[in-house]
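Asks: Reading the sequence shown from the start, the letters are residues 44 to 241 in the working numbering. There's a structure below that I have some questions on.
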Amino acid sequence: MATDYAKLSSDLSRFYDFTGKVVLYIGAGGRQLLAPSARIRKWIAIDKDAVALSQLKAETAAKGTQDSVEVIEARFEEVTRPGDVVYFEFCLHEMDDPEAALTHARSLAPDIVVYDHCAGSEWIFLGAEEDNVVRSSAAMERFGIRRREKFFAEQRFGSFDELLAKVAPQGPIAIERAQRFAGTRDIVIPMAYELNLL
(Lines of atoms letter the chains of each structure in order from A and count residues from 1; the text may use other names and numbers.)
(Lines give C-alpha, C1' and ligand atoms only; values in the text may rest on other atoms or scores of the structure.)
Protein backbone atom coordinates (compact mmCIF):
# COMPACT_ATOMS: atom_id res chain seq x y z
CA MET A 1 0.00 0.00 0.00
CA ALA A 2 1.42 3.39 -0.99
CA THR A 3 -0.13 5.30 1.90
CA ASP A 4 -2.40 4.72 4.89
CA TYR A 5 -5.86 5.26 3.42
CA ALA A 6 -7.53 4.45 6.74
CA LYS A 7 -5.74 7.45 8.28
CA LEU A 8 -6.80 9.71 5.41
CA SER A 9 -10.43 8.55 5.80
CA SER A 10 -10.29 9.09 9.55
CA ASP A 11 -8.89 12.61 9.12
CA LEU A 12 -11.75 13.38 6.73
CA SER A 13 -14.49 12.07 9.03
CA ARG A 14 -13.14 14.13 11.94
CA PHE A 15 -12.86 17.30 9.85
CA TYR A 16 -16.39 17.49 8.44
CA ASP A 17 -19.69 15.82 9.36
CA PHE A 18 -21.34 14.49 6.19
CA THR A 19 -24.24 12.91 8.14
CA GLY A 20 -27.62 13.33 6.43
CA LYS A 21 -26.20 15.40 3.58
CA VAL A 22 -26.45 15.20 -0.20
CA VAL A 23 -22.79 15.07 -1.23
CA LEU A 24 -21.52 15.92 -4.70
CA TYR A 25 -18.35 13.82 -4.70
CA ILE A 26 -15.83 15.10 -7.26
CA GLY A 27 -13.07 12.66 -8.18
CA ALA A 28 -15.08 9.72 -6.91
CA GLY A 29 -13.66 7.44 -9.59
CA GLY A 30 -10.37 7.16 -7.70
CA ARG A 31 -9.84 5.53 -4.32
CA GLN A 32 -12.79 6.63 -2.18
CA LEU A 33 -11.90 8.08 1.21
CA LEU A 34 -15.53 8.96 1.90
CA ALA A 35 -17.56 5.77 2.23
CA PRO A 36 -21.17 5.68 1.02
CA SER A 37 -22.03 3.97 4.31
CA ALA A 38 -21.04 7.09 6.33
CA ARG A 39 -24.69 8.00 7.06
CA ILE A 40 -24.82 10.23 3.99
CA ARG A 41 -28.32 10.83 2.64
CA LYS A 42 -27.23 10.78 -1.01
CA TRP A 43 -23.80 10.26 -2.56
CA ILE A 44 -23.56 11.74 -6.08
CA ALA A 45 -20.34 10.41 -7.60
CA ILE A 46 -19.00 12.64 -10.37
CA ASP A 47 -16.04 11.73 -12.56
CA LYS A 48 -15.15 11.87 -16.25
CA ASP A 49 -13.50 8.42 -16.11
CA ALA A 50 -16.14 5.94 -17.33
CA VAL A 51 -14.06 2.86 -16.40
CA ALA A 52 -13.49 4.07 -12.84
CA LEU A 53 -17.18 4.87 -12.42
CA SER A 54 -18.12 1.43 -13.73
CA GLN A 55 -15.90 -0.11 -11.04
CA LEU A 56 -17.50 2.15 -8.45
CA LYS A 57 -20.98 0.96 -9.51
CA ALA A 58 -19.89 -2.65 -9.14
CA GLU A 59 -18.39 -2.00 -5.69
CA THR A 60 -21.49 -0.22 -4.38
CA ALA A 61 -23.72 -2.99 -5.75
CA ALA A 62 -21.55 -5.61 -4.01
CA LYS A 63 -21.89 -3.69 -0.73
CA GLY A 64 -25.64 -3.19 -1.20
CA THR A 65 -25.29 0.60 -1.06
CA GLN A 66 -26.25 1.34 -4.68
CA ASP A 67 -29.58 2.93 -3.68
CA SER A 68 -27.78 5.78 -1.89
CA VAL A 69 -25.28 6.35 -4.73
CA GLU A 70 -25.93 8.12 -8.01
CA VAL A 71 -23.18 8.08 -10.64
CA ILE A 72 -22.68 10.92 -13.13
CA GLU A 73 -20.09 10.57 -15.88
CA ALA A 74 -19.20 14.17 -16.72
CA ARG A 75 -16.75 16.97 -16.23
CA PHE A 76 -17.64 18.74 -12.98
CA GLU A 77 -18.19 22.03 -14.80
CA GLU A 78 -21.11 20.39 -16.69
CA VAL A 79 -22.93 19.20 -13.56
CA THR A 80 -26.00 21.16 -12.43
CA ARG A 81 -27.28 18.92 -9.60
CA PRO A 82 -27.54 20.83 -6.28
CA GLY A 83 -26.50 19.36 -2.95
CA ASP A 84 -25.54 20.22 0.62
CA VAL A 85 -21.78 19.95 0.09
CA VAL A 86 -19.39 19.68 -2.85
CA TYR A 87 -16.45 17.46 -1.92
CA PHE A 88 -13.24 17.51 -3.99
CA GLU A 89 -11.03 14.49 -3.27
CA PHE A 90 -7.40 15.06 -4.32
CA CYS A 91 -8.52 16.51 -7.65
CA LEU A 92 -8.85 20.29 -7.41
CA HIS A 93 -5.17 20.72 -8.31
CA GLU A 94 -5.76 18.67 -11.48
CA MET A 95 -8.51 20.96 -12.79
CA ASP A 96 -7.79 23.42 -15.60
CA ASP A 97 -9.25 26.35 -13.66
CA PRO A 98 -9.55 25.67 -9.91
CA GLU A 99 -11.09 29.07 -9.19
CA ALA A 100 -13.83 28.51 -11.77
CA ALA A 101 -14.44 25.04 -10.29
CA LEU A 102 -14.86 26.55 -6.81
CA THR A 103 -17.22 29.22 -8.15
CA HIS A 104 -19.31 26.51 -9.84
CA ALA A 105 -19.26 24.45 -6.63
CA ARG A 106 -20.62 27.41 -4.65
CA SER A 107 -23.56 27.64 -7.10
CA LEU A 108 -24.44 24.02 -6.25
CA ALA A 109 -24.00 23.83 -2.47
CA PRO A 110 -23.44 26.04 0.59
CA ASP A 111 -20.39 24.05 1.76
CA ILE A 112 -17.26 23.07 -0.15
CA VAL A 113 -14.75 20.60 1.27
CA VAL A 114 -11.41 20.29 -0.50
CA TYR A 115 -9.11 17.39 0.36
CA ASP A 116 -5.79 17.81 -1.42
CA HIS A 117 -2.02 17.98 -1.23
CA CYS A 118 -0.19 20.83 0.51
CA ALA A 119 2.09 23.15 -1.41
CA GLY A 120 5.65 22.23 -0.47
CA SER A 121 4.93 18.52 0.05
CA GLU A 122 7.89 16.32 -0.84
CA TRP A 123 5.53 13.77 -2.37
CA ILE A 124 3.89 16.32 -4.66
CA PHE A 125 7.33 17.59 -5.75
CA LEU A 126 8.36 14.05 -6.66
CA GLY A 127 5.19 13.70 -8.73
CA ALA A 128 5.99 16.99 -10.54
CA GLU A 129 2.66 18.51 -9.56
CA GLU A 130 3.92 21.34 -7.34
CA ASP A 131 2.86 24.10 -9.76
CA ASN A 132 -0.69 22.72 -9.93
CA VAL A 133 -0.94 22.53 -6.14
CA VAL A 134 0.35 26.09 -5.69
CA ARG A 135 -2.25 27.25 -8.25
CA SER A 136 -5.16 25.47 -6.56
CA SER A 137 -4.02 26.63 -3.09
CA ALA A 138 -3.96 30.23 -4.31
CA ALA A 139 -7.44 29.81 -5.78
CA MET A 140 -8.75 28.61 -2.40
CA GLU A 141 -7.09 31.53 -0.61
CA ARG A 142 -8.74 34.01 -2.97
CA PHE A 143 -12.06 32.21 -2.64
CA GLY A 144 -12.00 32.32 1.17
CA ILE A 145 -11.16 29.47 3.55
CA ARG A 146 -13.40 29.10 6.59
CA ARG A 147 -11.35 26.33 8.20
CA ARG A 148 -8.15 24.46 7.34
CA GLU A 149 -6.30 21.54 8.87
CA LYS A 150 -2.95 20.14 7.73
CA PHE A 151 -1.87 16.53 8.10
CA PHE A 152 1.15 14.37 7.43
CA ALA A 153 1.51 10.81 6.20
CA GLU A 154 4.02 8.76 4.24
CA GLN A 155 4.01 7.21 0.83
CA ARG A 156 5.69 3.79 1.12
CA PHE A 157 6.98 1.56 -1.66
CA GLY A 158 8.68 -1.82 -1.38
CA SER A 159 10.85 -1.19 -4.41
CA PHE A 160 11.90 1.41 -6.95
CA ASP A 161 9.74 -0.33 -9.58
CA GLU A 162 6.63 0.20 -7.42
CA LEU A 163 7.47 3.88 -7.00
CA LEU A 164 8.16 4.31 -10.70
CA ALA A 165 4.84 2.70 -11.62
CA LYS A 166 3.07 5.20 -9.35
CA VAL A 167 4.77 8.38 -10.63
CA ALA A 168 5.33 7.47 -14.30
CA PRO A 169 1.85 8.65 -15.40
CA GLN A 170 2.87 12.14 -14.24
CA GLY A 171 5.40 12.36 -17.05
CA PRO A 172 9.12 12.67 -17.70
CA ILE A 173 9.92 15.16 -14.92
CA ALA A 174 8.41 12.84 -12.29
CA ILE A 175 10.32 9.88 -13.76
CA GLU A 176 13.56 11.87 -13.66
CA ARG A 177 13.01 12.96 -10.05
CA ALA A 178 12.28 9.38 -9.01
CA GLN A 179 15.67 8.20 -10.31
CA ARG A 180 17.35 9.15 -7.03
CA PHE A 181 15.62 6.08 -5.54
CA ALA A 182 16.83 3.69 -8.27
CA GLY A 183 18.07 0.42 -6.83
CA THR A 184 16.65 1.08 -3.36
CA ARG A 185 13.97 -0.77 -1.40
CA ASP A 186 11.57 0.18 1.40
CA ILE A 187 11.20 3.74 0.11
CA VAL A 188 9.45 6.25 2.38
CA ILE A 189 8.44 9.71 1.09
CA PRO A 190 6.74 12.28 3.36
CA MET A 191 3.35 13.51 2.16
CA ALA A 192 1.73 16.69 3.49
CA TYR A 193 -1.97 17.14 2.79
CA GLU A 194 -4.80 19.33 3.98
CA LEU A 195 -8.52 19.64 4.39
CA ASN A 196 -10.23 22.95 3.66
CA LEU A 197 -13.79 24.07 4.30
CA LEU A 198 -14.84 26.91 2.03
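Just so you know, even glycine gets a beta-carbon here, dropped at the ideal spot from N, CA and C. Keep in mind that this is a model prediction, so the values were computed, not measured.
For the region 159 to 176 and the region 213 to 221, state whether three or more C-beta atom pairs, one from each stretch, are separated by less than 8 angstroms.
Replies: Result yes; three or more Cβ-Cβ pairs closer than 8 angstroms.
Asks: What is the rounded straight-line gap between the Cα of glutamate 132 and the Cα of alanine 225?
Replies: Counted from its first residue, the sequence shown places residue 132 at position 89. Counted from its first residue, the sequence shown places residue 225 at position 182. Glutamate 132 and alanine 225: Cα-Cα distance of roughly 30 angstroms.
Asks: Between the C-alpha atoms of aspartate 127 and isoleucine 188, what's the straight-line distance to the nearest angstrom?
Replies: Within the sequence shown, the letter at position 84 stands for residue 127. Within the sequence shown, the letter at position 145 stands for residue 188. In a straight line, the C-alpha of aspartate 127 is about 17 angstroms away from that of isoleucine 188.
Asks: Between methionine 234 and lysine 193, what straight-line distance do the alpha-carbon atoms span, to the nearest angstrom?
Replies: Your numbering for residue 234 matches position 191 in the sequence shown. Your numbering for residue 193 matches position 150 in the sequence shown. Between methionine 234 and lysine 193, the C-alpha separation is close to 11 angstroms.
Asks: Would you list the one or two residues that DSSP bridges to tyrosine 68?
Replies: As a working note, residue 68 is residue 25 in the sequence shown. According to DSSP, tyrosine 68 bridges with Ala88 and Tyr130.
Asks: If I measure Cβ to Cβ from leucine 135 and keep anything under 7 angstroms in the same chain, skipping five residues before and after, which residues do I get?
Replies: Here residue 135 corresponds to residue number 92 of the sequence shown, with the count starting at 1. Within the same chain, leucine 135 has close Cβ partners Pro141, Ala144, Val157, Asp159 and Ser179.
Asks: For serine 164 and asparagine 239, what's the separation of their Cα atoms in angstroms?
Replies: Here residue 164 refers to the residue found at position 121 when the sequence shown is read from its first residue. Here residue 239 refers to the residue found at position 196 when the sequence shown is read from its first residue. Taking the straight line joining both Cα atoms gives about 16 angstroms.
Asks: Taking contact to mean 3 or more Cβ pairs, one atom from each stretch, closer than 8 angstroms, check whether the region 49 to 63 and the region 118 to 125 are in contact.
Replies: no
Asks: Tell whether a beta-carbon distance below 7 angstroms holds between valine 129 and leucine 77.
Replies: Taking the first residue of the sequence shown as position 1, residue 129 is located at position 86. Taking the first residue of the sequence shown as position 1, residue 77 is located at position 34. Not a contact, by the Cβ cut-off of 7 angstroms.
Asks: If you reduce the DSSP assignment to three classes, tell me which class valine 122 lands in.
Replies: Within the sequence shown, residue 122 is the residue found at index 79, counting from 1. Valine 122 falls in the coil class under three-state DSSP.
Asks: What's the call for methionine 44, buried or exposed, on a 16-neighbour Cβ count within 10 Å?
Replies: Taking the sequence shown and counting its residues from 1, one reaches residue 44 at position 1. Here the model assigns methionine 44 a pLDDT of 42, short of 50, so the residue's position is not dependable, and the following value carries that caveat. Per the 10 Å Cβ criterion, exposed.
Asks: Is the CB-CB distance between alanine 182 and leucine 206 below 7 angstroms?
Replies: Stepping through the sequence shown from its first residue, residue 182 is reached at position 139. Stepping through the sequence shown from its first residue, residue 206 is reached at position 163. Not in contact: alanine 182 and leucine 206 (Cβ atoms no closer than 7 angstroms).
Asks: Which residues in the same chain have their Cβ closer than 6 angstroms to the Cβ of valine 210, if we skip the five residues on either side of it in sequence?
Replies: To locate residue 210, count along the sequence shown from 1; it is residue 167. Around valine 210: Gly170, Ala217 and Ala221.
Asks: Going by C-alpha distance, which of Arg84, Thr227, Phe186 and Ala49 is nearest proline 61?
Replies: Here residue 61 refers to the residue found at position 18 when the sequence shown is read from its first residue. Sequence check: residue 61 is phenylalanine here, not proline. Cα-wise, what sits closest to phenylalanine 61 is Arg84.
Asks: Just to confirm the assignment, what range does the alpha helix (DSSP H) spanning tyrosine 48 have?
Replies: Here residue 48 refers to the residue found at position 5 of the sequence shown. Taken as a continuous stretch (DSSP letters only), the alpha helix (DSSP H) holding tyrosine 48 covers 48 to 58.
Asks: So what's isoleucine 188 in DSSP terms, helix, strand or just coil?
Replies: As a working mapping, residue 188 is identified with position 145 in the sequence shown. In this structure, isoleucine 188 counts as coil in the three-state DSSP scheme.
Asks: Using 8 angstroms for Cβ pairs, my map puts isoleucine 167 next to phenylalanine 200. What's the rounded Cβ distance?
Replies: Mapped onto the sequence shown, residue 167 falls at position 124. Mapped onto the sequence shown, residue 200 falls at position 157. With 8 angstroms as the limit, isoleucine 167 and phenylalanine 200 do not qualify as a contact, their Cβ atoms being about 16 angstroms apart.
Asks: Could you give the first and the last residue of the continuous alpha helix (DSSP H) run that contains glutamate 205?
Replies: Counted from its first residue, the sequence shown places residue 205 at position 162. Its alpha helix (DSSP H) spans residues 203 to 210.
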